[in-house]
Amino acid sequence: MEDVETRELRYFVAVAEELHFGRAADRLGIAQPPLSRAIRRLEHRLGVELLERTSHGSRLTPAGEVLLAEGRTALDAVAAAARRAQRAGPKACLVLAMKPGGDAGLLPAILAAYEQSPDALPVEFAFSIGDRGAMLRDGRADVGLLHHPQNDLSGLATEELVVERRVVALAESHPLAACDELRMADLSAEEIPRFPEAARPGTGPLVGDVGELMQLVALGRAVALVSESAALRPHRGVVYRPVLDATPATLVVAWAESSRSREVAAFVTAARRAASEEASGTS
1 MEDVETRELR YFVAVAEELH FGRAADRLGI AQPPLSRAIR RLEHRLGVEL LERTSHGSRL
61 TPAGEVLLAE GRTALDAVAA AARRAQRAGP KACLVLAMKP GGDAGLLPAI LAAYEQSPDA
121 LPVEFAFSIG DRGAMLRDGR ADVGLLHHPQ NDLSGLATEE LVVERRVVAL AESHPLAACD
181 ELRMADLSAE EIPRFPEAAR PGTGPLVGDV GELMQLVALG RAVALVSESA ALRPHRGVVY
241 RPVLDATPAT LVVAWAESSR SREVAAFVTA ARRAASEEAS GTS
């Protein structure tokens, strides 16, 4: 059997997601007849039917469902490889994905340890509150600081750095701000913001950055469960209270499972060293 080309996969994924050849052709910027012929050729070469054509559109066959899932993964891997190759060029750098302030205070020590490695590269930052895992999976970033179980870590390799208790951020005027400590049951009626890649979605407004999150909290429109180290960063109108039975947040250093980069390995080693020294009080 001949190899499947990237272009063919891209065409098929578009049709499979749209389930309509006309809409898929518009999305791809090509005419519908050559798109239909390309899918027919792909089916002929694979020896399976991928789509059932109907008068109202199309639907995937079992073989089509498999190729859609695997095709998406393959296209993502190709895009990630291209991005990583570009960053390995003359102006090579290591891109670190992290939430602003989401380092439990370890970042200065991590960077200092990393700079001592012969494999170190200049570090560039990609700040995000809800897209860090996706950045690592699709090659926009090389290494990241994420939290377990709060973030989706699928497709990533990780090393635990530090476990933090959770606190809740509240408006100063919120009735619960009068309490010294809280339990999750106390927050059952509260609006908990949703984050784009959270492993456990909230019920409140979708937020994209820390400034937006804290503005909603200060206005009394939401409360937010955050890591204990967040309480060290004051925000006007916001107070923090411990939540005794909240699931802890484990800060992890994460990278793509397929990565074989010496620079990434050096950063992971530096992160482990910084966390170990912090835990032993020798930093």
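For the sequence shown, full-length UniProt numbering begins at 1 and goes up steadily by one.
The C-beta atom is built at its ideal place from N, Cα and C for all residues, glycine as well.
Keep in mind it's a predicted model, so treat the numbers as computed, not measured.
| Looking at A224 and A169, is the spacing between their C-beta atoms short of 8 Å? | A contact, by the Cβ cut-off of 8 Å.
| request: Take every Cβ of the stretch 51-61, pair it with every Cβ of the stretch 10-30, and state whether three or more of those distances are shorter than 8 Å. | output: Flag = yes, the stretch 51-61 and the stretch 10-30 touch.
| According to the neighbour-count rule (16 or more other Cβ atoms, all chains shown, within 10 Å of its Cβ), is S128 buried or exposed? | S128 is buried by the Cβ-count criterion.
| request: Would you check if there are 3 or more beta carbon pairs closer than 8 Å linking the stretch 212-232 to the stretch 114-126? | output: No: the two stretches stay apart, fewer than three of their Cβ pairs being nearer than 8 Å.
| Per-residue DSSP class, three states only, for F12 | Three-state DSSP puts F12 in a helix.
| task | Take the Cβ of Q150 as the centre, count every other Cβ of all protein chains shown within 10 Å, and call the residue buried at 16 or more, exposed below. | result | With at least 16 other beta carbons inside 10 angstroms of its own, Q150 counts as buried.
| request: Report the three-state DSSP secondary structure of M1 (helix, strand or coil). | output: Unreliable placement is indicated for M1, whose pLDDT of 49 sits below 50; no coordinate value is reported for it.
| field | Option nearest L161 by Cα separation, candidates I30, E257 and E278 | value | Ranked by Cα distance from L161, the first of I30, E257 and E278 is E278.
| field | Cα-Cα separation between R165 and S188, rounded to whole angstroms | value | Approximately 19 Å between the Cα atoms of the pair.
| field | Where T269 sits in the DSSP three-state scheme | value | Three-state DSSP puts T269 in a helix.
| Option nearest A85 by Cα separation, candidates A265, S259 and T269 | With distances taken between Cα atoms, A85 lies closest to S259.
| request: Have a look at the DSSP bridge pairing and note the partners of R140. | output: DSSP, once it has assigned bridges, lists no residue as partnering R140.
| task | Check G211 in the structure and name its three-state DSSP category. | result | Three-state result, G211: helix.
| field | F195, DSSP secondary structure in three states | value | F195 falls in the coil class under three-state DSSP.
| task | Kindly identify the DSSP beta-bridge partner or partners of V226. | result | BP columns for V226 point to V167.
| C-beta atoms of L156 and V253 nearer than 8 Å | Result no, Cβ atoms of L156 and V253 do not sit closer than 8 Å.
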